[in-house]
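K.L.:
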Amino acid sequence: MKPTLQRPFVPLIEGASRPVVSPIMPSVVYASDSPDALDAQYEGWVQGHTYAREGHPNADLLAARIDALEGMENGLVVGSGMAAVTAVLMGLCKAGDHVVGGNQLYGRSLRLMAEDLPRLGIETSLADPCDVDSIEAALRPETSMVLIEVVSNPTLRVADLDGIAALCKARGVLLVVDNTFTTPAAIRPEEHGADIVLHSVTKLLAGHSDVTLGWVAAKDPDLAARMRVFAVTTGLTASPFDCWLAERGLATFALRFDRTQQTAQRLSAHLASQPGVKRVLYPTRADHPDAARAQGLLKGQGCNMVSFEIEGGRAAANAFAKGASGIAFAPTLGDVGTTLSHPASSSHRALTPEGRAEIGITEGFFRVSVGLEEPEALLACFDDGLAAARAV
Ligand SMILES: Cc1ncc(COP(=O)(O)O)c(C=O)c1O
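So the sequence shown is numbered by numbering that gives the first Met the number 0: it starts at 0 and just counts up by one.
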């Protein structure tokens with residue numbers, strides 16, 4: 000009998016009905032009919048896949064869904080939020096360029112700017128995205144891009160997005176916006192003048208803390224193509240299974256966003272009324288330092304994040320985390336379950352106490368990512384934590 004080296008091709012099941020859920024397509028390679036057929040694919044005359052690192056159907060399906068949410072095209076799905084940041088900064092900047100970043104960017108983005116870009120001959124500066132004059136003062140003739148987040152982590156300050164977009168446009172500088180915290184349910188940065196938008200899909204979009212992914216899209220198709228080539232060459236691309244899981248998570252994103260931001264508003268009001276709580280940061284609160292801007296930009300929406308500070312320093316913070324035992328003490332966000340993080344001992348531990356104090360992070364400062372729990376039960380967990388902290 001003639002040996003069969005090739006596995007039989009399995010077509011999608013044919014019949015009078017069809018699946019309602021995307022299939023997972025884990026194939027690493029895709030077979031073509033002939034060298035001519037392969038040429039046609041590589042030249043882009045016909046659609047098709049060749050090798051999973053270069054792209055695969057599950058990444059395409061997920062990218063199309065996030066593109067639709069952000070109102071953008073040609074989005075690229077990559078293996079993490081940091082892979083998306085890397086695709087932008089390293090895929091588009093060259094030695095001699097200068098990049099300005101918001102001074103409260105996600106910690107690893109700050110690290111990429113402080114350590115890796117300078118090593119490659121790309122200079123960086125940080126500036127305050129709540130103050131357009133601070134960004135303007137940081138611009139140089141060789142500045143090629145400005146990277147900001149709309150709502151900063153963990154102090155939830157709101158960037159002057161419209162002001163910075165106008166400045167970048169006037170100066171011919173690309174504006175890159177990390178929309179992870181705010182999500183397209185609250186704001187579409189492209190409609191405010193962003194040239195490039197990115198996400199850690201790991202967080203609210205996928206929403207279940209079971210997948211690490213990123214997404215990035217550029218208005219200019221040439222920039223999008225350059226990031227894609229860089230991501231494929233450096234292997235930043237994502238696995239089919241992760242894309243499939245994220246697509247499933249995304250199906251409930253709008254519902255999760257609504258519910259968690261409603262609970263977050265309620266939690267912020269509750270915390271503010273409790274003894275032992277020094278301050279509460281939430282963008283829709285009247286006492287938030289950027290309340291007016293948040294109202295205009297986010298159109299009355301908040302986010303699922305609440306930050307607050309308790310009295311009593313590290314000892315009270317330890318007691319709070321232990322006392323609020325129903326809440327996972329874990330440095331992530333966007334999960335279906337509420338998570339609590341303590342920036343002084345996690346995301347901002349590399350800063351000196353003085354450096355942390357400058358941005359308002361003390362030993363009593365916590366950041367909450369609100370999940371889908373029944374709100375009353377959640378508030379009761381916080382009350383338990385606060386009672387424990389007050390007893391110290
Ligand atoms: C605002 C923001 N951007 C990017 C990232 C990086 O995402 P990932 O952990 O998926 O690499 C994070 C992670 O927490 C984040 O909070």
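Even for Gly, the Cβ is constructed at its ideal location relative to N, Cα and C.
From the DSSP output, which residues share a beta bridge with Met144?
P.N.:
On the sequence shown, position 145 is the one that residue 144 refers to. Answer is Val98, Leu173.
K.L.:
Tell me whether Trp243 is buried or exposed, calling it buried when 16 or more other Cβ atoms sit within 10 Å of its Cβ.
P.N.:
Within the sequence shown, residue 243 is the residue found at index 244, counting from 1. With 16 or more other Cβ atoms within 10 Å, it is buried.
K.L.:
Would you grab the beta carbon distance between Thr338 and Thr331 for me? Rounded to a whole angstrom, and I think it's under 8 Å.
P.N.:
Here residue 338 corresponds to residue number 339 of the sequence shown, with the count starting at 1. Here residue 331 corresponds to residue number 332 of the sequence shown, with the count starting at 1. That pair is a contact at about 6 Å.
K.L.:
When every heavy atom of ligand 3 is checked, does at least one fall within less than 7 Å of the C-beta of Met304?
P.N.:
With respect to ligand 3, the structure offers nothing, as its ligand set consists of ligand 1.
K.L.:
Touching or not, the stretch 345-365 and the stretch 215-223, by the rule of three or more beta carbon pairs under 8 Å?
P.N.:
Touching, no.
K.L.:
By DSSP, does Phe180 sit in helix, in strand, or in coil?
P.N.:
Residue numbering aside, residue 180 sits at position 181 when the sequence shown is read from its first letter. Three-state result, Phe180: coil.
K.L.:
Kindly list the residues whose CB is nearer than 8 Å to the CB of Thr123, restricted to its own chain and excluding five residues on each side of it in sequence; keep chain order.
P.N.:
Position 124 of the sequence shown, counted from the start, is the residue given in the question as residue 123. Closer than 8 Å at the Cβ level, and outside the excluded window around Thr123, lie His97, Val98, Val99, Gly100, Met112, Ala113, Leu116, Pro117.
K.L.:
Using only alpha-carbon positions, find the residue among Gly325, Val175, Arg52 that is nearest to Ala376.
P.N.:
Position 377 of the sequence shown, counting from 1, holds the residue named residue 376. If we check each option's Cα against that of Ala376, Gly325 comes out closest.
K.L.:
At what residues does the beta strand (DSSP E) containing Leu125 begin and finish?
P.N.:
Numbered from its first residue, the sequence shown carries residue 125 at position 126. Element bounds for Leu125: 122-126.
K.L.:
Quick check on Tyr281: does DSSP put it in helix, strand or coil?
P.N.:
As a first step, residue 281 must be located in the sequence shown, where it is residue number 282. Tyr281 falls in the coil class under three-state DSSP.
K.L.:
If you draw a straight line from the alpha carbon of Ala392 to that of Phe365, how long is it in whole angstroms?
P.N.:
Because the chain is modelled from 0 through 391, residue 392 falls outside the range shown and cannot be assessed.
K.L.:
Compare the beta carbon distance of Phe252 and Leu203 with 8 Å and say whether it is the shorter of the two.
P.N.:
Mapped onto the sequence shown, residue 252 falls at position 253. Mapped onto the sequence shown, residue 203 falls at position 204. In contact: Phe252 and Leu203 (Cβ atoms closer than 8 Å).
K.L.:
With DSSP as the reference, label Tyr41 as helix, strand or coil.
P.N.:
For this step, residue 41 is matched to residue 42 along the sequence shown. Three-state DSSP puts Tyr41 in a helix.
K.L.:
Measuring CA to CA, which of Lys93, Ile360, Val200 is closest to Ser143?
P.N.:
For the purposes of this step, residue 143 is identified with residue 144 of the sequence shown, where counting begins at 1. The shortest Cα separation from Ser143 among Lys93, Ile360, Val200 belongs to Lys93.
K.L.:
Around the Cβ of Pro153, are there at least 16 other Cβ atoms within 10 angstroms (buried) or fewer (exposed)?
P.N.:
For the purposes of this step, residue 153 is taken as the residue at position 154 of the sequence shown. By the neighbour-count rule (16 or more Cβ atoms within 10 Å), Pro153 is buried.
K.L.:
What did DSSP end up calling Thr337 once you bin it into helix, strand or coil?
P.N.:
In the sequence shown, residue 337 corresponds to position 338, counting from 1. In this structure, Thr337 counts as coil in the three-state DSSP scheme.
K.L.:
Which stretch, first to last residue, makes up the beta strand (DSSP E) that contains Gly213?
P.N.:
Taking the first residue of the sequence shown as 1, we reach residue 213 at position 214. Looking at the DSSP string, the run of the beta strand (DSSP E) that includes Gly213 is 213-217.
K.L.:
Let me confirm a value: Thr85 is counted as buried when at least 16 other C-beta atoms fall within 10 Å, else exposed. Which label applies?
P.N.:
What you label residue 85 is simply residue 86 of the sequence shown in a count that begins at 1. Buried is the call here.
K.L.:
State yes or no: is the C-beta of Asn152 nearer than 7 Å to some heavy atom of ligand 1?
P.N.:
Within the sequence shown, numbered from 1, the residue matching residue 152 stands at position 153. Yes, ligand 1 has a heavy atom inside 7 Å of this Cβ.
K.L.:
What span of residues does the alpha helix (DSSP H) with Met226 cover, start to end?
P.N.:
On the sequence shown, position 227 is the one that residue 226 refers to. Met226 -> alpha helix (DSSP H) spans 220-233.
K.L.:
Residues in the same chain with beta-carbon distance under 8 Å from Ala390, minus the five sequence neighbours each way, listed in chain order, please.
P.N.:
The count along the sequence shown starts at 1 and reaches residue 390 at position 391. Taken in chain order, the residues that qualify are Ala318.
K.L.:
Based on Cα-Cα distance, which residue from Phe381, Ser79, Ser108 lies nearest to Leu88?
P.N.:
Here residue 88 refers to the residue found at position 89 of the sequence shown. Nearest C-alpha to Leu88: Ser108.
K.L.:
Regarding Thr107 and ligand 1, is the C-beta to nearest heavy atom distance less than 7 Å?
P.N.:
Translated into positions along the sequence shown, residue 107 becomes position 108. Reading off the sequence shown, one finds Arg at residue 107, where the question assumed Thr. Yes, the Cβ of Arg107 comes within 7 Å of a heavy atom of ligand 1.
K.L.:
Mapping the DSSP letters down to three states, classify Glu308 as helix, strand or coil.
P.N.:
As a first step, residue 308 is located in the sequence shown; it is residue number 309 there, counting from the start. Of the three classes helix, strand and coil, the one that applies to Glu308 here is strand, per DSSP.
K.L.:
Is any heavy atom of ligand 1 found at a distance shorter than 7 Å from the C-beta of Arg80?
P.N.:
For this step, residue 80 is matched to residue 81 along the sequence shown. A small fix is needed here, since residue 80 is Gly in this sequence, not Arg. The answer is yes for Gly80.
K.L.:
With H, G and I counted as helix, E and B as strand and the rest as coil, what does DSSP make of His55?
P.N.:
As a first step, residue 55 is located in the sequence shown; it is residue number 56 there, counting from the start. Coil, per DSSP.
K.L.:
Confirm the yes/no value for this check: CB of Glu373, any heavy atom of ligand 1, distance under 7 Å.
P.N.:
Numbered from 1 along the sequence shown, position 374 holds the residue referred to as residue 373. No - ligand 1 has no heavy atom lying nearer than 7 Å to the Cβ of Glu373.
K.L.:
What do you reckon, is the C-beta of Glu69 under 7 Å from a heavy atom of ligand 1?
P.N.:
Position 70 of the sequence shown, counting from 1, holds the residue named residue 69. No, since every heavy atom of ligand 1 falls outside the 7 Å radius drawn around the Cβ of Glu69.
K.L.:
Please classify Ser306: is it buried, with 16 or more other beta-carbons within 10 angstroms of its beta-carbon, or exposed?
P.N.:
In the sequence shown, counting from the first residue as 1, residue 306 sits at position 307. That one is buried.
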